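Working notes, structure below.
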Amino acid sequence: MQKKTLPVSIFLISIVCTIVITAIVTHFIEQKQAMDNDSVVKIKRSDLDDVQDLYDLISTNYVDKVDKERLIQGALNGMTESLQDPESEFLTAKETQELNAKVAGSFEGIGANLQLENRLPVIDRVPVKNSPAEKAKLKAKDIILEVDGKKTQDKSLDQVSSMIRGKKGTQVKLLIQRGNEEFEVSLERDVVPEDTVKGELDKKDPTIGSIQIDNFRETTALEFRTIIERLRKEGTKSFVIDLRQNSGGLMAEAERIASYFLDNGDTIAQFSNNKKVISIDKAGKKIDQGFKVKEPTVFLVDQESSYGAELLAAAVKNKNYPIIGVNTFGKGSVQSLTQIGKNNYVQLTIMKWFAPDGTSVEGKGVAPTIEADYPEYAKLPPISKQSNWRIGDSGDAVKNINTMLKALGYPTEGNLFNEATRDAVAEIQTENNLSATGALDDKTIDVLQEKVFELVKSNDVAYAKAVETLKK
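If you want it as structure tokens, here you go:
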């Protein structure tokens, strides 16, 4: 994007984009300027005559009043969309400001980043950890059909963002389409967590430090180093670094953390403009300020680990660090943010990045060295709150309910809400001081999904494998 439910898919509901900010442009500016001159397409003014003619025609002959600024923005947006690259986006000044605010620190929202696909808003990456979107179990690729009963079809991202935004503590109701399934979720707006790194001692073995990196923002590497130093003082002798559901963020921060684990001179990543390698970034004091992590360490990844998380995973995998989980997302491109005119910006794919050995992760991801996945019940969609589920109901949604209940130890199965389902629901209601109706109302759904979320956390197969690997 959590709803206290399953670990699934950052956000910031406000803009389009896969975030790579001006820091990255600065980082690569010299290499970009050094590209071959023949890589620049020379456009004659006559090539744009058709665009000018259409602009003049609409401005002077269209039946209604024309907003000329909006017309120009439409042309710029159309040109960017013609690239058919989901990572290249046309942004208004407002969207760009929101993007910069997101990378710099905390923000208010539901924690889900959006882009438009087929004139509908789509969550384009895993929601921010512990955000309202994650707590509601929203995922990347979820389509938002309605906001508080109002359709989102054909609305701009600004319009959809305005519909979703509101004061902290207020509610917003979304109708979500996931695949062929539609369901409704209610979210309480909140401040999206600012810290990107969390760390603690393993509850069973205090010599193991468990560190979770949620995203890469401007302070992430410093946060990570601070937590490493604290855990060392507390007795940590080895580390588990959790990159699951980390959607990427600032590549420079990911590179800095990668350098902590590599020897000086080791390749972190290679960068290419599709014609030749234009940069090979290497570990060293210039990047990591001389800070190193030499303790035994394993890394956790999943299908939501993307971009910067993948770069870090690929870099340490090349140095034979264990990578545990499933194949990562597979985002191997780099974007820059460039001002167009006075008030508009374009996020444009300018190069691709490769693992230290020169292999691309685009569309493939980083493969783990040890496979370990979430249990199937952790991957189920949230239970729809469109109506109370009760005895006699059937279908895929009821099958998911029965699967969740079975994971919690109740004798339920199949796609029918039968007596076993009713009895299980009534028992949960009794245990939680709810009216024991046996029907699955909104409050009971929240309790059920919270229980499943806690079950997933307590049965983390990948983390258990990481601890086992360290002890070996």
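Per the UniProt record's numbering: the sequence shown ends with 472, consecutive numbering throughout.
Ideal placement from N, C-alpha and C gives every residue a C-beta, glycine not left out.
Quantities reported herein were computed from a predicted structural model and do not represent experimental measurements.
Specify the secondary structure class of valine 326 as computed by DSSP and reduced to three states.
-> If DSSP states are grouped into helix, strand and coil, valine 326 belongs with coil.
Return yes when the Cβ of alanine 464 is within less than 9 Å of the Cβ of proline 322, no when it is not.
-> The criterion of a C-beta distance shorter than 9 Å is not satisfied by proline 322 and alanine 464.
Which runs of the beta strand (DSSP E), 3 residues or longer, sit entirely within the region 158 to 190?
-> Whole beta strand (DSSP E) segments, 3+ residues: 171 to 178 and 181 to 188.
Return the Cβ separation of valine 366 and glutamate 310 in integer angstroms, given the expectation that the two are a contact with Cβ distance under 8 Å.
-> Confirmed, about 5 Å.
How many Å lie between tyrosine 410 and glutamate 184 at the Cα?
-> So the two alpha carbons sit approximately 25 Å from each other.
Express the C-alpha separation of lysine 150 and glutamate 81 in angstroms, rounding to a whole number.
-> Taking the straight line joining both Cα atoms gives about 26 Å.
Do lysine 352 and serine 279 have their C-beta atoms closer together than 9 Å?
-> Their beta carbons are not under 9 Å apart, which means lysine 352 does not touch serine 279 by this criterion.
Please indicate yes or no: does the CB of asparagine 246 lie closer than 8 Å to some heavy atom of the ligand NAD?
-> The ligand NAD is absent from the structure shown, which contains no ligands of any kind.
Proximal residues to glutamate 87 (C-beta, below 7 Å), its chain only, five neighbours per side dropped = Counting only Cβ-Cβ distances below 7 Å, and skipping sequence neighbours, we find Thr18, Ser333, Gln335 and Thr349.
Can you tell me whether isoleucine 58 is buried or exposed, with buried defined as 16 or more other CB within 10 angstroms of its CB?
-> Under a 10 Å Cβ-count criterion, isoleucine 58 is classified as exposed, with fewer than 16 other Cβ atoms of the shown protein chains found around its own Cβ.
Mapping DSSP to helix, strand and coil, what is alanine 269?
-> Alanine 269: strand per DSSP, three-state reduction.
How do the region 124 to 140 and the region 153 to 163 stand: do at least 3 beta-carbon pairs fall below 8 Å, yes or no?
-> The answer is no - the region 153 to 163 does not touch the region 124 to 140, with fewer than three Cβ pairs under 8 Å.
When the Cα atoms are used, what is the spatial distance from asparagine 327 to alanine 313?
-> Taking C-alpha positions only, asparagine 327 is separated from alanine 313 by approximately 11 Å.
Where does residue 485 land, buried or exposed, given buried means 16+ other C-beta within 10 angstroms?
-> Outside the shown range of the chain, which is 1 to 472, sits residue 485, and nothing can be said about it.
Got a sec? Which residues, its chain only, sit under 8 Å from lysine 203 by beta carbon, not counting five neighbours each side?
-> Closer than 8 Å at Cβ, skipping near neighbours: no residue.
Just the Cα atoms here: how many angstroms apart are arginine 230 and valine 301?
-> Cα to Cα, the separation comes out at about 24 Å.
Per DSSP, which residues does proline 121 bridge with? Please list them.
-> Answer by DSSP bridge pairing, in chain order: Leu116.
Is it the case that the Cβ atoms of proline 206 and glycine 235 are separated by a distance below 9 Å?
-> Yes; because the gap between Cβ atoms is below 9 Å, this pair is in contact.
Rounded separation between serine 458 and asparagine 274 - CA only = Going from the Cα of serine 458 to the Cα of asparagine 274 covers about 45 Å.
Spatial distance of proline 7 from glutamine 212 (CA atoms) = Low confidence applies to proline 7: its pLDDT is 34, below 50, so where it sits in the model is not reliable, and the reading given next is rough at best. Rounded to whole angstroms, proline 7 and glutamine 212 show a C-alpha spacing of 13 Å.
Answer with buried or exposed for arginine 70, where buried requires no fewer than 16 other C-beta atoms within 10 angstroms of its C-beta.
-> Residue burial is scored here from C-beta neighbours: arginine 70 has fewer than 16 other C-beta atoms within 10 angstroms and is therefore classed as exposed.
Tell me, which residues are paired with residue 508 by DSSP?
-> The structure shown does not extend to residue 508, since the chain spans only 1 to 472, so no value can be given for it.
Exposed or buried, what is valine 63 when buried is set at 16 or more other beta-carbons lying within 10 Å of its beta-carbon?
-> Around the Cβ of valine 63, a 10 Å sphere holds fewer than 16 other Cβ atoms; the residue is exposed.
Chain-order list of residues whose beta-carbon lies under 6 Å from that of lysine 342 (same chain, five-residue window excluded) = If we look at lysine 342 and ignore the five residues flanking it on each side, it has no Cβ neighbours.
Does the region 405 to 421 come close enough to the region 355 to 364 to have 3 or more Cβ pairs within less than 8 Å?
-> Flag = no, the region 405 to 421 and the region 355 to 364 do not touch.
Smallest Cα separation from isoleucine 287: which of Ile268, Asp142 and Pro296?
-> Among Ile268, Asp142 and Pro296, the Cα nearest to that of isoleucine 287 is on Ile268.
When you compare each of Asp460, Leu114 and Asn118 to lysine 139 by their alpha carbons, which one comes out closest?
-> The residue with the shortest Cα to Cα distance from lysine 139 is Leu114.
So the beta strand (DSSP E) aspartate 242 belongs to, where does it begin and stop?
-> Annotation for aspartate 242: the continuous beta strand (DSSP E) segment containing it runs 238 to 242.
Which same chain residues, not among the five before or five after glutamate 182, have their C-beta less than 6 Å away from its C-beta?
-> Cβ within range, chain order: n/a, list empty.
Residues that asparagine 344 bridges to, as DSSP identifies them = Under DSSP, asparagine 344 forms a beta bridge with Thr92 and Ile340.
Quick one, are the C-beta atoms of proline 121 and threonine 152 less than 9 Å apart?
-> For the pair proline 121 and threonine 152, the CB atoms are nearer than the 9 Å cut-off.
Under a Cβ-count criterion, where at least 16 other Cβ atoms within 10 Å of its own Cβ denotes burial, should methionine 79 be classed as buried or exposed?
-> Classified as exposed, methionine 79 has fewer than 16 neighbouring CB atoms from the shown chains inside 10 Å of its CB.
Measure the alpha-carbon distance for alanine 378 versus lysine 237 and round it to whole angstroms.
-> Across the structure, alanine 378 and lysine 237 are spaced so that their CA atoms are roughly 31 Å apart.
Among Lys331, Leu201, Arg232 and Ser247, which residue has its Cα nearest to the Cα of arginine 217?
-> Comparing Cα-Cα distances from arginine 217 to each of Lys331, Leu201, Arg232 and Ser247, the minimum goes to Ser247.
Cβ-based neighbour list, leucine 76, same chain, cut-off 7 Å, excluding 5 preceding and 5 following = These residues qualify, in order along the chain: Phe90, Ile340 and Asn344.
Tell me whether asparagine 61 is buried or exposed, calling it buried when 16 or more other Cβ atoms sit within 10 Å of its Cβ.
-> Exposed, since its Cβ has fewer than 16 Cβ neighbours within 10 Å.
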